[in-house]
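Everything below concerns the one structure shown next.
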Amino acid sequence: MNYKRVFLDANIVADIYDKNRPFYAESREAIKILLANKNVTLFTSCDIITTLYYILSKSGKSEALDAIIHVNELCSVVEFGNEEVAESCTLMKKNKNFIDLEDTILYVMAKKVGCDLILSNDKGFVSEEILLMRSGEFLEKS
Numbered sequence: 001m002n003y004k005r006v007f008l009d010a011n012i013v014a015d016i017y018d019k020n021r022p023f024y025a026e027s028r029e030a031i032k033i034l035l036a037n038k039n040v041t042l043f044t045s046c047d048i049i050t051t052l053y054y055i056l057s058k059s060g061k062s063e064a065l066d067a068i069i070h071v072n073e074l075c076s077v078v079e080f081g082n083e084e085v086a087e088s089c090t091l092m093k094k095n096k097n098f099i100d101l102e103d104t105i106l107y108v109m110a111k112k113v114g115c116d117l118i119l120s121n122d123k124g125f126v127s128e129e130i131l132l133m134r135s136g137e138f139l140e141k142s
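Mapping of the sequence shown onto UniProt numbering: position 131 corresponds to residue 131, and the numbering continues sequentially without gaps.
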């Protein structure tokens, strides 16, 4: 598989830092494979950074900050604003498949930066124009 630009959903990012999450091992292995390919750029959303801190700081603030620093080194953090929010709301109004605002914003952001894969373990995540895979599915196809 020849992916160049991969968008990581919040659950994938949280998985790789929290051993108690059910997809910890799969997500870590998927990220290792992606990072081994020097032609791949990883992306994530700016709001995922604060979500990750919230989740991980319950176990320790220093470890949470270390994880944030690591994500910031591994990924290009994509910002969103009025334009992406408006586009997401319009998409949700026109297309009933898009029911979750956060996921729809992430989808719009992934399109904005030209991603060819979205990695998410959220079974409800919808992606109509970009390939979407769960971490286990990615491992099976790698």
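Ideal placement from N, C-alpha and C gives every residue a C-beta, glycine not left out.
| task | Starting from V71, follow its DSSP beta bridges and name the residues at the other end. | result | Note: V71 is not bridge-paired with any residue in the DSSP secondary-structure output.
| query | What residues in its chain sit with their C-beta under 6 Å from that of N97, if we drop five residues either side in the sequence? | reply | Taken in chain order, the residues that qualify are V126.
| task | Go to F138, then tell me how far its alpha helix (DSSP H) extends in each direction, as first and last residue. | result | 135-141
| said: With the cut-off set at 8 Å, would you say M109 and E129 are in Cβ contact? | reply: Between M109 and E129, the gap from beta carbon to beta carbon reaches 8 Å or more.
| Beta-carbon proximity list for Y53, same chain, < 7 Å, skipping 5 on both sides | A64, I68
| query | Which residue comes first and which comes last in the beta strand (DSSP E) that contains S27? | reply | Unbroken run through S27 is the alpha helix (DSSP H), 24-36; no beta strand (DSSP E).
| field | residue 153 classed as buried or exposed, judged by whether at least 16 other C-beta atoms fall within 10 angstroms | value | What is shown of the chain runs 1 to 142, which leaves residue 153 out entirely.
| said: So, with DSSP's three-state summary, where would you put S45? | reply: strand
| query | Which residues share a DSSP beta bridge with V77? | reply | T44
| message | Assuming C89 and L42 are in contact, meaning their beta carbons sit under 8 Å apart, how far apart are those beta carbons, in whole angstroms? | response | About 27 Å; that fails the 8 Å criterion.
| query | Where I49 and I31 are concerned, what is the direct C-alpha to C-alpha distance, given to the nearest angstrom? | reply | 17 Å
| said: Give me, in chain order, the residues of the same chain whose beta-carbon lies closer than 6 Å to that of A10; leave out the 5 immediate sequence neighbours on both sides. | reply: For A10, where only same-chain residues beyond five positions count, the Cβ hits under 6 Å are I48, T51.
| said: Which residue marks the beginning of the alpha helix (DSSP H) containing I118, and which one marks its end? | reply: Here I118 belongs to no alpha helix (DSSP H); instead the beta strand (DSSP E) covers 117-119.
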